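Right, one structure below, let's go through it.
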Amino acid sequence: MKTKNLLNLSGIFLSFLAIMLIISPEKEVKAAINNKPGNIIVTNDTSSSGITGHAGIYIDATHILHTSGWKSEPYPLVISEQDWHKRYDSSKVIRPKSSELGKKAAEMAVKYFENKKIPYSLKDANKGPKDITNTYCSELVWYSYYKAGKIFKVRTTMFGAVIYVEPRSLVTPYSFIDKNNVEYNGFQFIDNTW
Numbered sequence: 014m015k016t017k018n019l020l021n022l023s024g025i026f027l028s029f030l031a032i033m034l035i036i037s038p039e040k041e042v043k044a045a046i047n048n049k050p051g052n053i054i055v056t057n058d059t060s061s062s063g064i065t066g067h068a069g070i071y072i073d074a075t076h077i078l079h080t081s082g083w084k085s086e087p088y089p090l091v092i093s094e095q096d097w098h099k100r101y102d103s104s105k106v107i108r109p110k111s112s113e114l115g116k117k118a119a120e121m122a123v124k125y126f127e128n129k130k131i132p133y134s135l136k137d138a139n140k141g142p143k144d145i146t147n148t149y150c151s152e153l154v155w156y157s158y159y160k161a162g163k164i165f166k167v168r169t170t171m172f173g174a175v176i177y178v179e180p181r182s183l184v185t186p187y188s189f190i191d192k193n194n195v196e197y198n199g200f201q202f203i204d205n206t207w
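According to the working numbering, numbering within the sequence shown proceeds without interruption in unit steps and concludes at 207.
Structure, rendered in structure tokens:
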């Protein structure tokens, strides 16, 4: 009798454990990643002016500086990693292989964008990512690395050959998660799943 009750309790416990594992939200798993200053986070859950994705930069292990373009958030803003994952279901994360570069880029993000009244706009994107009169999400990230001494180059083709160049106009969020750009620029994927 005791063995039967023990088996029933074991079965109930294992069933409960299985249910908890199945219904645990992915957001909890994402938050468990050990993020570092300078990590770049990109989501595919949004688009603006025909550009898919959104990007931000970690300024510490749990806070992301970004500019959303939302009317309620006209300027760059720091949000928690938890709030990011509440807004955007799917994200990928990269980081530079040099932790010093990541820290410096995070410092530059804070210096040039945190609490600054730089309006969100794509209208000046044709001027290149070094002009931050207005800004947009992926420009904020690119510029932070630029000021840290890293020009994140993007892949293109010229006369049939693949080359990497400094962006002369719009930098898209997906530029940061293109596997060739990631490798060429000395970054690595920390989370490469949507």
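Heads up, the beta-carbon is just placed ideally off N, CA and C, and yes, glycines get one too. Since we're looking at a predicted model, the values are computed, not measured.
For residue 200 and residue 92, the rounded distance between their alpha carbons: 23 Å
Classification of residue 74 by the beta-carbon crowding that lies within 10 angstroms, buried from 16 upward: exposed
Is the region 125-140 in contact with the region 169-177, if contact means three or more CB pairs nearer than 8 Å? no
Return helix, strand or coil for residue 189, following the three-state DSSP convention. helix
Cβ neighbours of residue 70 in the same chain (closer than 8 Å, five flanking residues each side left out): 51, 52, 53, 54, 77, 78, 79, 118, 119, 122, 153, 154 and 157
Beta-carbon separation of residue 164 and residue 145 under 7 Å? no
On the criterion of 16 or more Cβ atoms from any shown chain inside 10 Å, does residue 35 qualify as buried, or is it exposed? Low local confidence applies: a pLDDT of 41 at residue 35 is under 50, so the model's placement there is unreliable, with the coordinate-based value given in what follows. Classification for residue 35: exposed.
Quick one: what does DSSP say residue 159 is sitting in, helix, strand or coil? helix
Use the C-beta contact count for residue 178: other C-beta atoms within 10 angstroms, 16 or more gives buried, fewer gives exposed. exposed
With a Cβ-Cβ cutoff of 7 Å, do residue 195 and residue 107 count as a contact? yes
Reduced DSSP category for residue 202 - H, G, I as helix; E, B as strand; rest coil: strand
Taking the alpha helix (DSSP H) that residue 13 belongs to, which residues open and close that run? Not covered by the structure: residue 13. The range shown for the chain is 14 to 207.
Closest Cα partner of residue 112 within the set 206, 48, 150 and 67: 48
Specify the secondary structure class of residue 90 as computed by DSSP and reduced to three states. strand
Residues sharing a beta bridge with residue 69, DSSP: 54
In or out: residue 56 buried (at least 16 other Cβ within 10 Å) or exposed? buried
Please report the straight-line C-alpha distance between residue 187 and residue 66, rounded to a whole angstrom. 7 Å
Classify residue 181 as helix, strand or coil using the three-state DSSP reduction. coil
To the nearest angstrom, how far is the alpha carbon of residue 72 from that of residue 128? 13 Å
Could you pull the DSSP bridge partners for residue 109 from this structure? 200
Classify residue 162: buried if its beta carbon has 16 or more other beta carbons within 10 angstroms, exposed otherwise. exposed
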